[in-house]
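So the first sequence is numbered by the numbering used here: it starts at 173 and just counts up by one.
Quick reminder that beta carbons are idealized off the backbone N, C-alpha and C, glycines included.
Since this is a predicted model, take the numbers as computed values, not measurements.
Notes follow the structure.
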Amino acid sequence: MSVRTRFAPSPTGNVHIGNLRTAIYNWLFSRHEGGEFLLRIEDSDRARSTPEAVQTVMDALEWLGLDYDGEALYQSTQLERHMEVAEELLRRGAAYKEDKGGTGRGEAVVFRMPGKDVGFVDAVKGRIEKKAENLKDFVIVRSDGSPVFHLGNVADDITMGITHVIRGDDHVENTFKHVAMYEALGIAPPVFAHLPMIVNAQGRPYSKRDGAAYVGEFQAQGFLPEALFNSLALLGWSPGDDREVMSREELVAAFELGRVRSSPSQMDMTKLLWMNGEHLKRRGLEENVAGFRQAMERAGRLPAGTDPEYFKAVVACMGERVKLYGDLGEQAGFFFDEGYAYDEKSVQKRLMKPGAMEVLREELAALEGLEVFSAESTESALRALAERRGGGMGELVHPLRVAVSGRAVGPGLFEMLEVLGRGRVGARVRRTLERFGG
RNA sequence: GCCCCCAUCGUCUAGAGGCCUAGGACGCCAGGUUCUCAUCCUGGUAACACCGGUUCGAAUCCGGUUGGGGGUGCCA
């Protein structure tokens, strides 16, 4: 039988990374097996399930490239089907009606636990069993006629022909109930695989206060989907060899449920950032240019009418100094802003030194006389100047860097000069001389 | 309380009885390259929770302890 997995989120408006990781494992497993990956929207809680919330889920899946087969199934449309299953259970004597707890609210449908031990082989945890005396009957249809989670979940999985249920660890208790329901129905249960939780530094469930907890936040910070995908895939699973930076295809090829770890793991933002840098290198310049541009525009740091070639040159020049699309503005904003700020410490160290202004003036003179204004020509001009003055290159490089960029760190000076161009460099040095020259 | 699950460097992990004086990655530290930072290269730091048992031999198997998590709804 061909594999069918599903991702069954309740649309609550946010997609937590734990759920996202569950979606990734379902997707990875079904793609690896050449099976299907389905989407079910568990919107039975009508109050919280808005169209916007559903869209948020869809957007997250699309961003990560988690394509699902067929149409999404909305649980709210399956009411009749749920009732059929409840009827069937009643018919088989596996359920009964009762005012459980004597609430006076009328009769609910209660599932009867089989009176024997229930167990199953979890694909990641191995065999799990529970004694009959620890299994209690439970409500599957409320006295108001609405189905309870367990009923809907099992009925829908049957309807959808799900062969492997890959879900969070918090569902293992439910699984005893679900397995019992399958057995009562005379249907072979699917394979269950329970994924350990993603926890914070305190070992508690990863939440908002532990850093970015929802997909949208990673997206907003400029993380690459393939980097988040890769990191999450490796959180609880590994290919068994030493590979870490992997493409979607490599992950699909290597993924096995049996290699999923059964202990909880902690998200490491530092490693995610590194991973992002690795995937950035793997993307082409053009793609990165587009990504950086989008982030810059969103941050309002890219003036309208910026020459595309200039922008591209800046990105190429920044090279691997930036690990996140969202960080370009902070690190290279001066390229696009003539009103760039001067870093106070750098000014003190490089421009307020005795003779610094004189050096800048000499550099300006040397650069302005150049026929061609390139990295090579500016470098040889300054080397010649250094020779004449008898000092080191550092004495020339540092003040000039601060003068044209306002900061002490950045790309190679000569590369930077070429990208900025003669006009900007001249104007910036002059402005610096006026401002700090006394 | 009861039930279920989990336990290797700070973090992510490899390890399915000898290949382990425990390997890789991130981070961190040191050195190299260099005009700064980043990259890159080299080296280093750091772990089998504890106690028993099985075995010629245990990170690996078994039991217990401790610690952590999950569940215990006419929530999902």
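Rounded separation between G614 and F401 - CA only: Nothing can be reported for residue 614: it is not among the residues displayed for the chain, which extend from 173 to 610.
Can you tell me the Cα-Cα spacing of K272 and L367, whole angstroms? Indexing the first sequence from 1 puts residue 272 at position 100. Indexing the first sequence from 1 puts residue 367 at position 195. Taking C-alpha positions only, K272 is separated from L367 by approximately 33 Å.
Range covered by the beta strand (DSSP E) that runs through I189: Here residue 189 is taken as the residue at index 17 of the first sequence, counted from 1. Taken as a continuous stretch (DSSP letters only), I189 belongs to no beta strand (DSSP E), being part of the alpha helix (DSSP H) at I189 to H204.
Supposed contact pair G578 and Y482 - C-beta distance, whole angstroms, cut 8 Å: Locating residue 482 in the first sequence gives position 310, counting from the first residue. Locating residue 578 in the first sequence gives position 406, counting from the first residue. About 18 Å separates the beta carbon of Y482 from that of G578, a gap too long to meet the 8 Å contact definition.
For Y354, which residues from the same chain have a beta carbon less than 6 Å from its beta carbon, with the 5 sequence-adjacent residues on both sides left out? As a first step, residue 354 must be located in the first sequence, where it is residue number 182. Answer for Y354: P361, listed in chain order.
Would you mind sorting I196 into buried or exposed? The rule is 16 or more other CB atoms within 10 Å of its CB. For the purposes of this step, residue 196 is identified with residue 24 of the first sequence, where counting begins at 1. Buried: at least 16 other Cβ atoms inside 10 Å.
Can you list, in chain order, the residues of its chain whose CB lies under 7 Å from that of M173, leaving out five sequence neighbours each side? Numbered from 1 along the first sequence, position 1 holds the residue referred to as residue 173. So the list reads T335, once near-sequence residues are dropped.
Just to confirm my understanding: we take L153, look at its own chain, exclude 5 residues before and 5 after, and list those with CB closer than 8 Å. What are they? No answer is possible for residue 153: the residues shown for the chain start at 173 and end at 610.
Determine which residues share a DSSP beta bridge with P377 and list them. The sequence position of residue 377 within the first sequence is 205, counting from 1. When DSSP reads this structure, P377 sits in a beta bridge with V371.
List the DSSP bridge partners of A280. Numbered from its first residue, the first sequence carries residue 280 at position 108. DSSP output for A280 lists E270 as bridge partner(s).
Could you give the distance in angstroms between the alpha-carbon of F201 and the alpha-carbon of G207? Taking the first residue of the first sequence as 1, we reach residue 201 at position 29. Taking the first residue of the first sequence as 1, we reach residue 207 at position 35. Each residue's CA atom was taken as its position, placing F201 and G207 some 8 Å apart.
Who pairs with I338 in a beta bridge, going by DSSP? Here residue 338 refers to the residue found at position 166 when the first sequence is read from its first residue. A365.
Report all residues from its chain with a CB closer than 6 Å to the CB of E608; omit the five preceding and five following residues, and keep chain order. For this step, residue 608 is matched to residue 436 along the first sequence. Position check: residue 608 holds Phe in this sequence, whereas Glu was assumed. Taken in chain order, the residues that qualify are L523.
Nearest to E502 (by Cα), restricted to the options P436, Q393, V519 and L429: As a first step, residue 502 is located in the first sequence; it is residue number 330 there, counting from the start. Ranking P436, Q393, V519 and L429 by Cα distance to E502 puts Q393 first.
Could you check where the alpha helix (DSSP H) with L457 kicks off and where it finishes? Along the first sequence, one-based indexing puts residue 457 at 285. Secondary structure note for L457: its alpha helix (DSSP H) is the uninterrupted segment L457 to R470.
Are at least three pairs of beta-carbons, each pair with one atom in the stretch 376–386 and one in the stretch 424–432, less than 8 Å apart? Inter-segment contact for the stretch 376–386 and the stretch 424–432 is absent: fewer than three beta-carbon pairs are separated by less than 8 Å.
Name the residue from S434, L323 and S318 whose alpha carbon lies nearest to the alpha carbon of N346. Taking the first sequence and counting its residues from 1, one reaches residue 346 at position 174. Out of S434, L323 and S318, L323 has the C-alpha closest to the C-alpha of N346.
S518 by DSSP, collapsed to three states: which one? Taking the first residue of the first sequence as position 1, residue 518 is located at position 346. Correct three-state label for S518: helix.
Can you tell me whether R431 is helix, strand or coil according to DSSP? Here residue 431 is taken as the residue at index 259 of the first sequence, counted from 1. It is helical.
Between the Cα of E458 and those of A471, D414, V486 and N448, spot the shortest distance and give me the residue it belongs to. Looking up residue 458 in the first sequence gives position 286. The residue with the shortest Cα to Cα distance from E458 is V486.
Using DSSP bridges, identify the partner residues of G298. On the first sequence, residue 298 is found 126 positions in, with the first residue counted as 1. DSSP, once it has assigned bridges, lists D294 as partnering G298.
Which residues in the same chain as F464 place their Cβ atom closer than 7 Å to its Cβ, once the five residues preceding and following it in sequence are excluded? As a first step, residue 464 is located in the first sequence; it is residue number 292 there, counting from the start. So the list reads V487, Y497 and L500, once near-sequence residues are dropped.
Helix, strand or coil for S221 per DSSP? As a first step, residue 221 must be located in the first sequence, where it is residue number 49. Residue state, collapsed to three classes: coil.
Beta-carbon proximity of A365 to V296, cut-off 8 Å: Taking the first residue of the first sequence as 1, we reach residue 365 at position 193. Taking the first residue of the first sequence as 1, we reach residue 296 at position 124. Yes.
Run through DSSP, which three-state label would P411 get? If you number the first sequence from 1, residue 411 lands on position 239. It is coil, neither helix nor strand.
Would you call G456 buried or exposed, if buried means 16 or more other Cβ atoms sit within 10 Å of its Cβ? Counting from one through the first sequence, the residue named residue 456 turns up at place 284. Exposed, since its Cβ has fewer than 16 Cβ neighbours within 10 Å.
Note down the Cα distance separating R560 from R573, rounded to an integer number of angstroms. Translated into the one-based positions of the first sequence, residue 560 becomes position 388. Translated into the one-based positions of the first sequence, residue 573 becomes position 401. Approximately 20 Å between the Cα atoms of the pair.
Rounded Cβ spacing between L542 and A558 (contact assumed at less than 8 Å): The residue labelled residue 542 in the question sits at position 370 within the first sequence. The residue labelled residue 558 in the question sits at position 386 within the first sequence. The Cβ separation is near 16 Å, so there is no contact.
Assuming contact is defined by CB atoms lying nearer than 8 Å, are P181 and E205 in contact in what I supplied? One-based indexing of the first sequence puts residue 181 at position 9. One-based indexing of the first sequence puts residue 205 at position 33. No, the pair does not count as a contact, with Cβ atoms beyond the cut-off.
Since F321 sits in a beta bridge, which residues does DSSP pair it with? Looking up residue 321 in the first sequence gives position 149. Answer by DSSP bridge pairing: none, since F321 is not bridged.
Based on Cα-Cα distance, which residue from E551, D341, V257 and M447 lies nearest to V494? Numbered from 1 along the first sequence, position 322 holds the residue referred to as residue 494. Answer by Cα proximity: M447.
If you draw a straight line from the C-alpha of S315 to the C-alpha of R212, how long is it? Working through the first sequence from its first residue, we reach residue 315 at position 143. Working through the first sequence from its first residue, we reach residue 212 at position 40. Straight-line Cα distance between these residues: approximately 26 Å.
Along the beta strand (DSSP E) that carries R178, what are the first and last residues, could you check? Within the first sequence, residue 178 is the residue found at index 6, counting from 1. Unbroken beta strand (DSSP E) run through R178: R176 to F179.
Does the distance from the C-beta atom of R176 to that of L210 stay below 8 Å? Start at 1 with the first residue of the first sequence, and residue 176 comes out as number 4. Start at 1 with the first residue of the first sequence, and residue 210 comes out as number 38. In this structure, L210 lies closer than 8 Å to R176 by Cβ.
Could you give the residue range of the beta strand (DSSP E) that holds L210? By one-based count along the first sequence, residue 210 stands at place 38. That run of the beta strand (DSSP E) goes E208 to I213.
Considering only the alpha carbon of each residue, which of M439, G412, L444 and P436 lies closest to G430? Counting from 1 along the first sequence, the entry for residue 430 is found at position 258. Out of M439, G412, L444 and P436, G412 has the C-alpha closest to the C-alpha of G430.
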